[in-house]
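Trainee:
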Amino acid sequence: MQMIEAVIKPHKIDAVKQALAKIGILGVTAVECKGFGRQMGHTERYRGAKMDVGFVPKVLMKVCVKSEEAQKATSAIVEAARTGEVGDGKIFIYPIAQVIRIRTGETNEQAL
Amino acid sequence: MQMIEAVIKPHKIDAVKQALAKIGILGVTAVECKGFGRQMGHTERYRGAKMDVGFVPKVLMKVCVKSEEAQKATSAIVEAARTGEVGDGKIFIYPIAQVIRIRTGETNEQAL
Amino acid sequence: MQMIEAVIKPHKIDAVKQALAKIGILGVTAVECKGFGRQMGHTERYRGAKMDVGFVPKVLMKVCVKSEEAQKATSAIVEAARTGEVGDGKIFIYPIAQVIRIRTGETNEQAL
Amino acid sequence: MNRASLARYGALVAFFGLGVSTTHAAEPVQILDPSHINTGDTAWMLTSTALVLMMTGPGLALFYGGLVRRKNVLATMMHCFILMALVSVLWAIVGYSLAFDVGNPFIGGFRFAFLRNVGAAPAEYAPTIPHTTWMAFQMMFAVITPALICGAYAERMKFSAMLAFSTLWLLVVYCPLAHMVWGKGGLFNSSMGGAIPAIDFAGGTVVHISSGVSALVCALVLGRRRGYRTHPMPPHSVVLSVIGAAMLWVGWFGFNAGSALHANALASAALINTHFAAAAGALGWTFIEWIKGGKPTVLGAISGAVAGLVVITPASGFTLPIWAMVMGFTGGVICFFAATTLKHAAGYDDSLDAFGVHGVGGTLGAILTGVFAVAAVNLPVGFGNTTRLGLIEGNTTTVLHQLIATGAAWAMAAVGSVVILMIVKPIFGLRVDEEDEYAGLDLSQHGESGYNIEDAFSATYAGGGATLLSGNERDSAALVGSTHG
Amino acid sequence: MNRASLARYGALVAFFGLGVSTTHAAEPVQILDPSHINTGDTAWMLTSTALVLMMTGPGLALFYGGLVRRKNVLATMMHCFILMALVSVLWAIVGYSLAFDVGNPFIGGFRFAFLRNVGAAPAEYAPTIPHTTWMAFQMMFAVITPALICGAYAERMKFSAMLAFSTLWLLVVYCPLAHMVWGKGGLFNSSMGGAIPAIDFAGGTVVHISSGVSALVCALVLGRRRGYRTHPMPPHSVVLSVIGAAMLWVGWFGFNAGSALHANALASAALINTHFAAAAGALGWTFIEWIKGGKPTVLGAISGAVAGLVVITPASGFTLPIWAMVMGFTGGVICFFAATTLKHAAGYDDSLDAFGVHGVGGTLGAILTGVFAVAAVNLPVGFGNTTRLGLIEGNTTTVLHQLIATGAAWAMAAVGSVVILMIVKPIFGLRVDEEDEYAGLDLSQHGESGYNIEDAFSATYAGGGATLLSGNERDSAALVGSTHG
Amino acid sequence: MNRASLARYGALVAFFGLGVSTTHAAEPVQILDPSHINTGDTAWMLTSTALVLMMTGPGLALFYGGLVRRKNVLATMMHCFILMALVSVLWAIVGYSLAFDVGNPFIGGFRFAFLRNVGAAPAEYAPTIPHTTWMAFQMMFAVITPALICGAYAERMKFSAMLAFSTLWLLVVYCPLAHMVWGKGGLFNSSMGGAIPAIDFAGGTVVHISSGVSALVCALVLGRRRGYRTHPMPPHSVVLSVIGAAMLWVGWFGFNAGSALHANALASAALINTHFAAAAGALGWTFIEWIKGGKPTVLGAISGAVAGLVVITPASGFTLPIWAMVMGFTGGVICFFAATTLKHAAGYDDSLDAFGVHGVGGTLGAILTGVFAVAAVNLPVGFGNTTRLGLIEGNTTTVLHQLIATGAAWAMAAVGSVVILMIVKPIFGLRVDEEDEYAGLDLSQHGESGYNIEDAFSATYAGGGATLLSGNERDSAALVGSTHG
Ligand SMILES: Nc1ncnc2c1ncn2[C@@H]1O[C@H](COP(=O)(O)OP(=O)(O)O)[C@@H](O)[C@H]1O
Ligand SMILES: Nc1ncnc2c1ncn2[C@@H]1O[C@H](COP(=O)(O)OP(=O)(O)O)[C@@H](O)[C@H]1O
Ligand SMILES: Nc1ncnc2c1ncn2[C@@H]1O[C@H](COP(=O)(O)OP(=O)(O)O)[C@@H](O)[C@H]1O
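Residue numbers (the numbering used here), protein chains in the order written: chain A, 130 to 241; chain B, 130 to 241; chain C, 130 to 241; chain D, 289 to 773; chain E, 289 to 773; chain F, 289 to 773.
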């Protein structure tokens with residue numbers, strides 16, 4: 130199994146979820162995060178004090194899939210999350226040693 | 130070493146922490162997250178506009194353990210986090226290449 | 130490639146980011162989290178009811194680097210994040226199977 | 289106090305205990321000539337009416353709303369808000385009449401039902417303002433009193449049960465009590481023919497004891513919140529509570545100084561007593577907390593101010609600033625112990641300390657009013673021709689009467705609340721079920737969340753997990769599953 | 289209604305349609321002797337002025353601010369706040385004069401421009417208070433009216449366009465309408481020589497219809513928010529909205545009871561009518577929602593209260609509490625359907641239901657005022673010597689006049705708003721561009737965030753991502769890039 | 289201005305400089321017959337008292353609370369709230385007497401200590417309202433003034449030090465200054481025998497210069513917050529600040545129009561001047577920020593409104609609306625530069641711009657009052673029989689007196705504050721230590737958090753990390769470790 134971690138633009142979360150659903154992947158865990166990279170932040174100003182906020186809001190989606198589905202899932206995410214502008218984000222794929230479903234104790238592919 | 134990532138119901142965090150403590154594991158890092166899976170979300174309604182909130186609040190607990198302790202830790206988590214209802218969550222186990230304690234620079238098992 | 134996950138004190142995030150920048154690493158994803166370990170929490174009191182808050186606010190920084198840069202990056206983080214007091218945090222290094230830049234579809238080292 | 293009067297009390301107490309209604313036929317409430325209306329008094333009373341409404345909403349709604357957990361903030365504010373609506377309508381229909389029409393010493397009649405005979409011409413209760421103004425001013429008291437109780441059942445009572453309870457409580461507890469203390473011919477009325485004249489300038493017994501004691505009953509009957517004493521339940525926003533407390537303080541000027549019913553020196557005296565008691569109460573609680581617990585908390589300071597306000601309420605138009613400060617300070621200290629030591633020792637879960645502050649503070653205030661009342665400030669007709677009113681002036685009768693009135697208020701509130709809860713329980717059920725309590729009342733009772741601010745870009749983000757189904761699209765009730773994950 | 293009067297209406301309606309100004313020369317507004325000033329009336333009117341200001345800020349700012357998404361909260365509050373500033377200055381320069389100087393039946397003259405002749409001596413509009421007090425009281429109405437409209441264009445209008453629109457709207461729609469209804473010699477003025485006497489105690493047509501209908505026009509002309517009906521847009525903090533609604537309720541006492549211009553029984557009657565209508569409105573909306581949708585929402589209760597307040601506004605000084613409750617309840621129910629079924633069926637995006645509540649509620653109120661007005665409560669001079677005012681008393685003329693006035697207000701608001709938007713659009717552009725809408729108006733229009741509370745240790749944390757560039761350091765405009773990531 | 293008067297100033301200034309107390313024996317404050325009490329005036333003054341209290345809490349508490357970082361929100365609100373308590377008690381004990389009893393030109397005596405002789409009968413300061421009302425109204429001014437200073441020491445001062453500082457400051461700076469300007473026989477009193485009659489209708493020198501200059505001293509003596517200018521310190525909730533600013537605006541009607549002490553045309557004039565200055569101030573700051581910095585900020589608009597209110601305060605009962613607008617606009621622009629350019633250039637850390645707004649705005653206002661005062665509006669007895677009051681009317685003396693009074697207020701505030709801080713420092717220490725500053729004052733000083741809203745299910749979630757230890761269980765002080773991780 131592999132864990133796909135995708136850092137995406139927050140407003141793309143819906144599209145990505147649906148793209149995954151279309152290929153049969155229904156489990157997702159999402160975390161709000163802040164990204165720093167090529168995409169610029171913005172400036173705020175309070176009583177003349179300028180503040181450059183470099184971190185940009187992103188969402189980190191974690192999707193665990195069978196290794197053979199990783200490619201398909203990755204393509205689906207890329208397609209759904211892409212806007213073509215800087216800051217679209219990255220996908221990181223980790224090897225996973227084991228998966229367990231807490232409710233039933235099932236493991237690995239049965240647990241997904 | 131291995132990293133145990135457990136997605137659990139938020140109100141189980143205390144029980145899980147204590148279960149880990151009982152087997153001697155005292156370090157934990159927790160992140161609030163939202164989960165999407167078999168468990169249903171809820172509906173809110175504002176001036177007649179219904180909104181189905183599909184994501185359910187979860188907590189992602191990260192516990193790094195020596196490989197030989199992984200099994201024991203996993204069992205402890207499963208037992209503490211289980212309610213038997215849909216949405217109890219999942220555990221993902223990652224291989225870890227290296228661990229460093231920032232304060233001292235100690236590495237790997239010394240660092241845990 | 131490797132994913133460096135550093136759990137650090139929140140006020141060190143700026144220093145760490147700059148230390149990484151100095152060695153040419155510009156991409157970072159940060160998540161707010163709560164840590165439990167040797168460092169103590171604090172007590173709050175509302176109408177006489179004492180509440181011990183054991184979790185301490187931390188930041189989880191994720192930095193993906195080429196394997197050969199991992200050592201340099203880790204050292205930079207350790208140096209920037211260290212205060213010498215309990216609670217400075219830990220670094221976990223994960224192997225990464227693949228990286229993809231969503232915008233362009235580039236993979237692996239090109240994607241960083 | 290001579291033997292005759294002792295006998296009289298005995299008789300009346302027995303009377304009361306038996307619930308036998310007196311046959312004493314009092315004169316009806318006089319309606320005076322509209323030419324007595326004074327614009328200054330009217331201006332002040334209209335303002336006071338607005339101030340007292342502001343106490344319930346937003347004042348109390350904020351004070352209480354901040355103290356609950358995030359998942360119950362709206363439900364708690366809703367208690368206050370819906371009572372602004374519900375009680376007002378009940379008041380118009382029959383509440384005002386039951387409280388202020390002449391009836392027997394225990395309850396009024398129906399002459400003012402549906403606000404008949406409540407018009408421009410002043411009633412004798414307040415001879416220089418329109419009858420409608422007096423009615424409206426009193427209405428705001430009727431609104432806030434049941435709202436105070438919700439501090440005890442917060443975070444677990446069903447909305448329907450809360451509506452039913454409040455409706456019955458208003459009619460069965462509040463109106464009779466208001467009648468007994470303030471209504472013409474009421475048992476304890478000190479200026480209009482009460483048999484046992486007691487003094488309560490602005491509602492120590494009527495408002496605070498009644499709500500506080502009922503709160504205790506609710507806390508006991510409903511039982512503790514799930515997780516009480518095993519899980520911490522910190523206030524989700526003391527910030528909201530500070531705003532609320534400050535608005536309560538300001539609004540209390542209308543409550544107490546408005547109870548003078550004139551824009552005169554008595555109103556002014558009530559205002560400064562109120563203010564000094566609040567100030568001293570805040571200092572008292574902060575001080576005792578500082579020396580006992582290590583830190584002067586903000587929640588302590590605001591709780592102390594409210595305690596001081598509660599304590600001074602019955603005395604505000606009867607005492608001097610120096611005694612007001614003593615009363616306020618004492619209130620701050622005593623209520624601190626009530627809300628901390630007493631509550632924890634006894635083990636009941638009075639979520640927001642409605643009993644600890646209003647019950648204890650109200651009782652303390654009612655008694656201390658008998659101690660610190662000063663005849664030179666304000667001498668009600670019922671006390672005859674004397675120069676001594678409070679215990680400090682050497683009058684023991686007043687304290688005794690205060691104790692009797694306090695006991696009566698305790699009894700009525702306790703018995704009334706128990707009975708009402710027993711009636712409501714089988715019909716509506718009192719508590720939400722376990723899942724709903726975990727999910728929070730906002731979601732389970734009202735289908736809303738207090739805050740949707742998880743993300744600076746919440747709308748787009750939420751878009752990931754939510755789908756808009758408005759208008760006549762499919763009704764996805766099926767989707768509404770477990771929410772307490 | 290005889291034939292002569294019919295003819296008169298016909299002529300005047302034609303007149304109005306053609307926009308031909310009448311040549312009717314009315315007497316100028318009389319300035320009375322300062323010795324008529326009554327301190328009680330003045331006290332109440334100063335207080336009312338403060339209360340009505342409080343309705344806009346913080347009341348409406350909170351009510352609306354809570355309903356938008358987090359990224360637009362400051363911009364929405366700013367609409368209210370900046371109008372407190374902008375409209376006041378316009379009012380001093382020429383607005384007050386256009387509304388209240390005698391001119392023709394459609395608009396006033398310039399005698400009071402720059403507040404000339406507005407001093408201590410009372411004007412005949414309000415003979416017992418200083419002219420300045422009357423002017424100030426009216427100013428607060430002029431402030432809140434355009435602020436109500438922002439509920440329709442919230443979350444997407446450019447700040448510059450909003451300023452331009454509001455300026456023109458005040459002068460072109462509000463001032464003439466206020467003149468027609470309340471100005472001496474105004475077309476619909478019922479006590480100072482209007483040709484078609486209509487009644488509007490505190491602003492049903494002038495304030496609510498005008499703002500509500502203009503809101504509809506804005507919603508239609510600007511178009512929907514991006515993502516409307518595909519992405520959910522939940523209120524970011526119903527908590528703020530509850531506070532705001534409660535403050536509106538309290539402030540409305542100044543709005544309606546203040547419109548009596550005296551601290552008298554009429555003010556008191558207006559106050560209780562206002563209160564009962566709000567209460568009934570809250571119950572009405574909650575009730576219909578409960579039986580239709582399953583849950584009584586908090587947002588529903590507060591919306592209903594506001595709807596009740598809107599509906600009673602024109603009738604508050606003309607009817608009895610019982611009818612006030614009927615009107616309020618009806619308002620709660622009807623506005624529920626307007627803000628839910630009607631809006632969704634029609635498909636326009638009236639973000640915060642400014643039309644659904646103020647337009648629909650205002651129209652309903654204006655008409656029902658003609659139904660439920662009671663001559664014994666308040667009979668304006670313009671209705672002559674009669675004992676029948678409303679339809680329930682058998683007078684059909686009043687309702688007819690109300691319908692005409694309502695139609696006129698609709699027409700003026702609709703036509704005026706369209707024209708103004710057409711003028712503003714080419715100059716400033718009406719909507720922010722797509723990126724700015726995603727990023728939110730707070731950042732794009734004002735360069736600020738409503739909340740910086742991501743972390744309990746936000747300052748140190750934010751330090752990680754932000755660099756302070758104050759004073760005369762480099763201007764990093766270049767860094768201000770895309771923010772809607 | 290003739291030579292004799294010049295000599296007189298010289299003598300008095302020398303006098304003042306030397307701190308020599310005059311031996312001038314003034315008549316004691318007259319207590320008038322209660323029959324002079326006017327209900328309308330009393331109604332307005334009771335209302336104004338409530339409004340001014342509302343300015344401190346919740347008004348200022350919100351305004352300041354929103355501007356600090358999240359970790360200091362409660363501590364900042366606490367400053368305001370605890371001063372409502374502390375100052376009130378001090379005022380009763382001796383503050384009022386020191387300010388308003390007759391003593392020498394610099395300070396009052398002890399005749400009113402413990403509120404002796406402060407009863408129903410009016411004092412000559414305010415002949416138509418109870419003495420207690422006047423005392424209470426003035427008390428609210430004494431409450432807000434030290435509260436304004438906390439804008440300068442916010443986010444770093446120890447709570448104990450803050451209490452000590454405020455106590456001494458009230459007695460040593462505020463009371464003497466209030467006496468000099470408003471007390472009978474005070475040096476600058478313009479209607480009751482001041483040697484150098486200056487005008488300050490509602491507290492330009494007494495309230496704003498004194499607090500603003502003391503704020504500057506605090507900022508300089510305490511030093512900058514840790515991380516100032518290297519870490520950004522954005523307001524944690526401009527939303528709260530907007531609410532607070534709006535409440536300040538509304539409350540200021542009580543502050544300024546209440547200072548007329550009657551419900552009359554002068555009160556009305558003060559009210560409209562106040563309103564127009566606030567409006568113009570908001571426009572001024574927004575305008576200059578827009579053309580200088582690119583964006584009109586919401587924080588700018590509210591800051592400008594407050595600046596306008598500050599500037600108009602001394603002039604509110606002495607000038608005309610048109611000048612009020614000029615003053616307000618100027619204030620908005622000047623204070624913008626003070627809070628941005630000046631502060632950054634000078635490098636001091638006046639956290640919330642207490643000096644930038646109140647010090648600079650107050651000084652500007654005091655001087656401009658001498659320019660724009662109009663004899664026809666209000667001519668104090670002390671100016672004798674003249675038709676010229678302000679510089680625009682050709683009177684140069686008034687401006688001169690204003691400058692002297694301003695200088696005196698600066699000197700007293702600066703010297704007094706430095707001395708007090710020097711006394712407090714060795715006893716309590718002024719600043720919290722480094723760890724506590726990082727952790728935030730809420731936790732370190734009060735053991736509380738402003739918000740516990742991290743999670744929609746915070747209680748259960750927090751349960752993961754917290755254990756409830758209530759009652760007399762173990763005191764886990766040991767657990768309270770480092771919190772600034
Ligand atoms: N090396 C990295 N490690 C971890 N996260 C990264 C890394 N590089 C980029 N990211 C994340 O990806 C996001 C997008 O990267 P950015 O450089 O802005 O644009 P793009 O994806 O178009 O190259 C960043 O905001 C950050 O969250
Ligand atoms: N494939 C997956 N990848 C990542 N997270 C998942 C995956 N499947 C489930 N989850 C997480 O586990 C949670 C529980 O899953 P769910 O299907 O609701 O119930 P259960 O654990 O009982 O099967 C989800 O809310 C989600 O956070
Ligand atoms: N085994 C672990 N697994 C995951 N996170 C850990 C583990 N041990 C520690 N941490 C994280 O590291 C942080 C610092 O650890 P702590 O024991 O407090 O101090 P130190 O890093 O100085 O040893 C904790 O707050 C927690 O977030």
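Cβ atoms here follow ideal geometry from the backbone N, Cα and C, with glycine treated the same way. Every value quoted in this text rests on a predicted model; they were computed, and no experiment measured them.
Find the residues of chain F that neighbour residue 734/E, judging by a C-beta separation of less than 7 Å, and give them in chain order.
Mentor: Correct list: 583, 584, 585 and 586.
Trainee: Quick one, which residues of the segment 199-232 of chain C are near chain A if we go by CB-CB under 8 Å, in chain order?
Mentor: From the segment 199-232 of chain C, only 223, 224, 225, 226, 227, 228, 229, 230, 231 and 232 have a Cβ closer than 8 Å to chain A.
Trainee: Can you tell me whether residue 239/C sits near ligand 3, meaning its C-beta is under 8 Å from at least one heavy atom of the ligand?
Mentor: It does not: the Cβ of residue 239/C is nowhere closer than 8 Å to a heavy atom of ligand 3.
Trainee: Does the beta-carbon of residue 355/D have 16 or more other beta-carbons within 10 angstroms, so that it is buried, or is it exposed?
Mentor: It counts as buried.
Trainee: Using the C-alpha atoms, what's the distance from residue 598/E back to residue 543/E?
Mentor: Using only the alpha carbons, I get a separation of about 11 Å.
Trainee: According to DSSP, is residue 442/D part of a helix, a strand, or is it coil?
Mentor: In this structure, residue 442/D counts as coil in the three-state DSSP scheme.
Trainee: Should residue 152/A go down as buried or exposed, given a rule of 16 or more other Cβ atoms within 10 Å for buried?
Mentor: Residue 152/A should be labelled exposed.
Trainee: If you compare alpha carbons, which of 559/D, 588/D and 380/D is closest to residue 609/D?
Mentor: Checking every option, the nearest Cα to that of residue 609/D belongs to 559/D.
Trainee: I want to see whether chain F comes within less than 9 Å of residue 166/A, judged by CB atoms only; does it?
Mentor: Answer no: the Cβ-Cβ gap between residue 166/A and chain F never drops below 9 Å.
Trainee: Which residues of chain D have a Cβ atom closer than 7 Å to the Cβ of residue 431/E, listed in chain order?
Mentor: Near residue 431/E there are no residues of chain D at all, since even the closest Cβ is about 19 Å away, more than 7 Å.
Trainee: What residue ranges within the segment 131-216 of chain C form continuous alpha helix (DSSP H) runs of no fewer than 4 residues, ordered along the chain?
Mentor: With a minimum length of 4 residues, the continuous alpha helix (DSSP H) runs that stay inside the segment 131-216 of chain C are 142-151 and 199-210.
Trainee: Give me the DSSP bridge partner(s) of residue 580/D.
Mentor: Answer is none; residue 580/D lacks a bridge partner.
Trainee: Should residue 206/C be listed as close to ligand 1, given that the test is whether its C-beta is under 8 Å from any heavy atom?
Mentor: Result no, Cβ not under 8 Å from ligand 1.
Trainee: Does any residue of chain B bring its CB to less than 9 Å from the CB of residue 189/C?
Mentor: With 9 Å as the cut-off, residue 189/C counts as an interface residue toward chain B.
Trainee: Taking the straight line between their C-alpha atoms, what separation do you get for residue 185/A and residue 699/F?
Mentor: So the two alpha carbons sit approximately 49 Å from each other.
Trainee: Is the separation between the beta-carbon of residue 546/D and that of residue 337/D shorter than 9 Å?
Mentor: A contact, by the Cβ cut-off of 9 Å.
Trainee: Mind checking which residues open and close the beta strand (DSSP E) that includes residue 228/C?
Mentor: Residues 227-230.
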